[in-house]
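The structure appears below as structure tokens.
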Amino acid sequence: MRKTLVIITFSIVSFSVAQVSDFNTVDFTRADNIVKLNEGEDLDNLPVLAHKLTANLKTDVEKFRAIYLWVCQNITADPGQDNKVFKHKRKLAHDSVAYLKWNNEFKVKAFKKLLKRKKTMCTGYAYLVKELCFLADIECVIVDGYGRSVSANVEALDFANHSWNAVKLNNKWYLCDATWSSGFTLNTSFIKDYNDGYFLTDPILFAKNHFPLDKKWFLNDSLANTKFTPQAIVYGETFEHKIIPTYPKTLNVTTKKDEALHFSFKTLVSNPQNRVELVQFVGSKEHSFKIEDLQKTNTSISFNNTFKHKGYHDVHIKVNNDIVATYTVKVIK
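This is the structure:
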């Protein structure tokens with residue numbers, strides 16, 4: 001996740017505001033079926049693979065869909081490989097020359113593992129998406145930065161630990177993350193579970209857990225001068241439901257006992273029929289808080305909760321039984 005497998009250089013990048021809704025009317029059935037027909041293909045001849053995935057598709061967005069989905073569904077994440085890079089980056093944090101030497105040697109091994117065993121970390125996913133796009137004459141770059149999760153870069157940007165892609169379609173740039181689309185890690189094992197929420201994601205939502213080293217890849221003018229502040233932890237389900245937490249604005253919140261605390265989020269789905277809960281886990285048991293003043297519109301949902309007990313509470317917003325945001329609430333007198 002930390003270093004790219006190839007060096008990419010470019011001089012001028014022109015940006016247009018990406019609107020994911022640009023593709024709401026596109027039918028990806030043909031592209032998705034082509035992916036199924038080419039399941040299990042080898043990586044020993046990338047030009048042939050790119051041709052198989054894209055030759056019978058008319059538009060660049062359909063071609064990109066086939067490339068992206070194939071990578072997500074045919075490449076396996078390698079948590080062990082990623083942990084090894086992370087440990088060496090910490091160990092050699094104050095010796096960049098030694099780290100660069102080690103990393104250059106490791107990249108060769110990692111690249112061979114990707115091609116032979118179709119196992120990799122995030123730079124491998126991003127590299128493969130970019131390379132197949134190049135062969136299909138689609139402009140695509142690797143973006144390096146910080147991926148926020150329940151275990152990394154939670155309250156500060158400690159280490160750049162992730163890579164994803166930006167792709168140019170119809171003269172506009174869009175964001176996607178093939179690694180996190182492909183599945184998730186559970187007890188050091190990778191579970192394949194495709195998540196379409198990371199495919200051509202709204203830039204505001206994407207920024208909730210992706211912080212690029214080069215801020216131009218936020219792809220949104222309102223985020224260009226953003227300084228990192230710890231916000232709500234979001235999850236893959238947040239992207240599936242296309243939800244953007246908006247309030248509270250920070251991860252750690254202080255409120256008074258018996259005083260209403262406001263929660264709200266935007267939804268990118270029109271007329272959402274969402275069941276909303278606010279919960280806390282005490283041991284393995286789930287405790288539900290009373291939702292007050294629930295308000296729903298075509299684009300947002302909001303509610304209040306009054307905490308009755310002092311102390312710290314890790315609270316989770318659930319939508320249709322999926323956790324989509326987590327906050328730490330300190331309740332005082």
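Here the sequence shown stands for residues 1 to 333, where the numbers follow UniProt numbering.
Idealized CB from N, CA, C, for every residue including glycine.
No experiment lies behind these values; they were computed from the predicted model shown.
Thinking residue i and residue j are a contact (beta carbons under 8 Å), I'd like their distance in whole angstroms, please.
{"i": "Asp314", "j": "Thr326", "result": "6 Å"}
{"i": "Ser163", "j": "Thr123", "result": "5 Å"}
{"i": "Asn274", "j": "Ile301", "result": "6 Å"}
{"i": "Val282", "j": "Val329", "result": "Contact flag wrong, Cβ pair sits at about 14 Å."}
{"i": "Phe228", "j": "Ile317", "result": "Wrong, their Cβ atoms sit about 22 Å apart, outside the cutoff."}
{"i": "Thr188", "j": "Pro79", "result": "6 Å"}
{"i": "Gly147", "j": "Asn209", "result": "6 Å"}
{"i": "Lys290", "j": "Lys310", "result": "Rounded, the Cβ-Cβ distance is 18 Å, inconsistent with contact."}
{"i": "Phe211", "j": "Leu157", "result": "6 Å"}
{"i": "Val331", "j": "Thr255", "result": "6 Å"}
To which residues of the same chain is residue i closer than 6 Å at the C-beta, ignoring the five residues directly before and after it?
{"i": "Thr9", "result": "Since pLDDT at Thr9 reaches only 31, below the 50 mark, its modelled position is unreliable, and no value is offered."}
{"i": "Pro245", "result": "Ala232, Phe265 and Ala325"}
{"i": "Glu286", "result": "Val279"}
{"i": "Leu115", "result": "Leu43"}
{"i": "Glu237", "result": "Asp322 and Val324"}
{"i": "Ala260", "result": "Asn304 and Thr306"}
{"i": "Val13", "result": "Low confidence applies to Val13: its pLDDT is 44, below 50, so where it sits in the model is not reliable, and the reading given next is rough at best. Once the five neighbours on either side are set aside, Val13 has no close Cβ partner at all."}
{"i": "Asp49", "result": "For the record, residue 49 in the displayed sequence is Leu; it is not Asp. Hits under 6 Å: Glu41."}
{"i": "Glu155", "result": "Pro230"}
{"i": "Phe206", "result": "Leu175"}
{"i": "Leu128", "result": "Val71"}
According to DSSP, is residue i part of a helix, a strand, or is it coil?
{"i": "Glu139", "result": "coil"}
{"i": "Gln73", "result": "helix"}
{"i": "Phe111", "result": "helix"}
{"i": "Ser181", "result": "helix"}
{"i": "Val319", "result": "strand"}
{"i": "His51", "result": "helix"}
{"i": "Val61", "result": "helix"}
{"i": "Ser151", "result": "coil"}
{"i": "Ser270", "result": "coil"}
{"i": "Thr201", "result": "strand"}
{"i": "Thr226", "result": "coil"}
{"i": "Lys242", "result": "coil"}
{"i": "Tyr127", "result": "helix"}
{"i": "Val324", "result": "strand"}
{"i": "Tyr235", "result": "coil"}
{"i": "Phe265", "result": "strand"}
{"i": "Leu46", "result": "helix"}
{"i": "Leu186", "result": "strand"}
{"i": "Ala31", "result": "helix"}
{"i": "Ala66", "result": "helix"}
Give me, in chain order, the residues of the same chain whose beta-carbon lies closer than 8 Å to that of residue i; leave out the 5 immediate sequence neighbours on both sides.
{"i": "Ala269", "result": "Inspection of the sequence shows that residue 269 is occupied by Val rather than by Ala. Counting only Cβ-Cβ distances below 8 Å, and skipping sequence neighbours, we find His241 and Lys242."}
{"i": "Asn56", "result": "Arg30 and Ile34"}
{"i": "Asp258", "result": "Thr306, Phe307 and Lys308"}
{"i": "Phe184", "result": "Phe190, Ile191, Asp193 and Gly236"}
{"i": "Leu53", "result": "Ile34, Val35, Asn38, Lys63, Ala66, Ile67, Trp70, Leu132 and Ala136"}
{"i": "Thr267", "result": "His241, Lys242, Ile243, Ile244, Asn274, Thr299, Ser300 and Ile301"}
{"i": "Gln73", "result": "Val35, Glu39, Ser182, Lys192 and Tyr194"}
{"i": "Val276", "result": "Ile291, Leu294, Ile301, Phe303, Ile317, Lys318 and Val319"}
Could you name the residues that DSSP lists as bridge partners for residue i?
{"i": "Gly145", "result": "His162 and Pro212"}
{"i": "Thr286", "result": "It should be pointed out that residue 286 corresponds to Glu in this sequence rather than to Thr. Its beta-bridge partners are Phe281."}
{"i": "Glu292", "result": "Asn304"}
{"i": "Val253", "result": "Val329"}
{"i": "Leu169", "result": "Lys172"}
{"i": "Tyr312", "result": "Lys330"}
{"i": "Tyr194", "result": "Answer is none; Tyr194 lacks a bridge partner."}
{"i": "Leu219", "result": "In the DSSP output, where bridge partners are listed per residue, Leu219 has none listed."}
{"i": "Val276", "result": "Val319"}
{"i": "Leu120", "result": "Checking the sequence shown, residue 120 turns out to be Thr, not Leu. Ala77, per the DSSP bridge assignment."}
{"i": "Leu156", "result": "Residue 156 is actually Ala in this sequence, not Leu. None, per the DSSP bridge assignment."}
{"i": "Ala260", "result": "Thr306"}
Excluding the five sequence neighbours on either side, which residues of its own chain have a C-beta within less than 7 Å of the C-beta of residue i, listed in chain order?
{"i": "Tyr198", "result": "Cys176, Asp177, Trp180, Ser181 and Phe239"}
{"i": "Lys130", "result": "Cys140, Val141, Ile142 and Asn165"}
{"i": "Ile204", "result": "Asn220 and Ile244"}
{"i": "Ala152", "result": "Asn161"}
{"i": "Val61", "result": "Phe23, Val26 and Leu169"}
{"i": "Lys119", "result": "Thr76, Asp78 and Lys113"}
{"i": "Asp32", "result": "Leu69"}
{"i": "Ala224", "result": "Lys215 and Phe218"}
{"i": "Glu292", "result": "Ala260, Phe303, Asn304, Asn305 and Thr306"}
{"i": "Leu46", "result": "Glu131, Leu132 and Leu135"}
Does any CB atom of chain D fall closer than 9 Å to the CB of residue i?
{"i": "Leu268", "result": "This model lacks chain D altogether; it includes just one protein chain."}
Cβ pair count under 8 Å reaching 3, the segment 204 to 220 against the segment 290 to 306: Output reads no: the segment 290 to 306 does not touch the segment 204 to 220.
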